[in-house]
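For the sequence shown, the UniProt record's numbering assigns the number 1 to the initial residue and increments by one for each residue that follows.
For each residue, glycine too, the CB sits at the ideal point set by N, CA and C.
All of these numbers come straight from a predicted model, not from anything done at the bench.
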Amino acid sequence: MSTRSRRSGLISPVSGYSVLSEVSIVESISSRHSQRSSTTGSLVSRTPPPVHPDFTYTDAQVELWTSESAFFVHEFQLKKFSVLAERIRKARRETPAGSRIRIRSSQNAGDVRNTLVVLYTCVAAKHRAPPFDSETLISTLKMASKYDYPDLRRYAIDQLEGSHHLSAIRRIELSISFSIPGWELTVFAELCRRPEPISAEEAEILGMRRFVDISRIREEEQSRRTIQLVNREVGSHELLGQDGTVLRERFVDTAEYTVRYPRLPRCDCRAVRSGGVQSDGSGSESQRQRRRQLRIESGQQSSSPKKETKALSVIPCRIHEVAPRIAEESRALYDQRNNLVERLGRVKQTIATTQKGRPGASVENSLMETSWIRRSA
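Pasting the structure below:
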């Protein structure tokens, strides 16, 4: 075959491969080399973050880098986290002898710093650490959950649960984010019983499914509370049945109390003729004044030119002066009482018809029937 023929076929006289194949191989090798060089360059040329002033141990074996700070810490502390322990193991193979091992964390520097504070404080205090604030414990919970340190996670949860008064929605948010099923039933029940409405921000944290179910359970709970309030204030009344029925036959029984003493005590009422003389020696001072007034009136009438037949005038005693008024007021109170009982009965019957949810159900029972509530292990 002529030289022209070999060129037209693009066949290499040495290897037998086509020129196009050789070009492809060279390009592929060059591309992989460029990628390795680029990756290596980014690691080497990256400027180390500033060292965090709280953690600059000179005998530290590990540098924990975040995007904001570097922490010079002891290896034994970080190896308590299973994920970080594996990273340290891998990084050691690529680290020259005598140099600090470098690993990275995607957590922010604040969370790392707070977690290290808890770790080093607990070691120094021999596990009798002083109380930490809620934000420090939440940071610790984040790190322990992400990098797998079960004992530290349990410690943070126990501390947050026992000594910090986080709002229900904040505990719900933590429970959802870090899978704490032991909190869920309690905090969701607290939210369902809370009188304040759910805000837009809280609804966003809950999500649509939880928000719909919790709104329904809150409405059922408010209905139960209203019925319980009415039953507590009205249900024990002797004139009403449990269902609000008015027991009218008992009206008569209670009315007998008003006639328990059908005969009044002996009195000293007097009957006198107009103009007659009556001693003022008996009766109370008010009675004597009443008699004197009657005599004055009788005297004025007798001085008129017209002669009239003298009639008897009754001078009531104190008992008979007030008894009619008491009887009238008692009857009015009796009627008002009966009217009030009938109105309360209607209220109780009306409220009973507005009950929502299953009779006898509780907030906890309703929550356990939802599809999203998690049972604690």
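Counting C-beta atoms within 10 angstroms of its own C-beta, D213 has 16 or more neighbours from the protein chains shown and is therefore classed as buried.
Restricting attention to alpha helix (DSSP H) runs no shorter than 4 residues, the region 130 to 211 encloses them at 134 to 146, 150 to 163, 168 to 178, 181 to 193, 200 to 206, ordered along the chain. Three or more pairs of CB atoms, one per stretch, sit closer than 8 angstroms, so the region 46 to 56 contacts the region 108 to 121. A Cβ-Cβ contact shorter than 9 angstroms links I205 with I169. By the neighbour-count criterion, in which 16 or more other beta carbons inside 10 Å mark a residue as buried, Q336 falls on the exposed side.
Here L240 is buried: its Cβ has 16 or more other Cβ atoms, across all protein chains shown, within 10 Å.
Of the candidates R92, V272, T245, A85, the residue whose Cα lies closest to the Cα of G345 is T245. Residue state for A70 is assigned as strand, using DSSP reduced to three classes. DSSP places E328 within a helical segment (H, G or I) once states are collapsed to three. Exposure of S106 is indicated by the presence of fewer than 16 other C-beta atoms within 10 angstroms of its C-beta. The region 319 to 329 and the region 215 to 225 do not touch, with fewer than 3 CB-CB distances between them shorter than 8 angstroms. Three or more Cβ pairs closer than 8 angstroms define a contact, and the region 142 to 150 meets that threshold against the region 61 to 81.
At a Cβ-Cβ threshold of 9 angstroms, C122 and Y155 count as neighbours. Under the three-state reduction of DSSP, T56 is assigned to strand. Taking the Cα positions, R87 is about 7 angstroms away from I103. Within its own chain, the residues whose Cβ lies closer than 6 angstroms to the Cβ of L160, once the five positions on either side in sequence are excluded, are L137, listed in chain order. L239 sits in coil when the DSSP states are folded into three classes, being neither helix nor strand.
DSSP links L312 through a beta bridge to R273. In the structure shown, I101 falls within a strand segment according to DSSP collapsed to helix, strand and coil. A distance below 8 angstroms between beta-carbons, with the five flanking residues on each side excluded, links D59 to the following residues of its chain, in chain order: H74. Between G98 and D151, the alpha-carbon positions lie close to 31 angstroms from each other. Here the alpha carbons of S330 and V252 stand approximately 14 angstroms from one another. E63 sits in a strand when the DSSP states are folded into three classes. Taking the Cα positions, I227 is about 42 angstroms away from D133. About 5 angstroms separates the Cβ atoms of I172 and V187, confirming a contact at the 8 angstroms cut-off.
The closest CA to that of V230, considering only E202, F178, T350, is found on T350. Our two residues, R318 and V272, have alpha carbons roughly 17 angstroms apart in a direct line.
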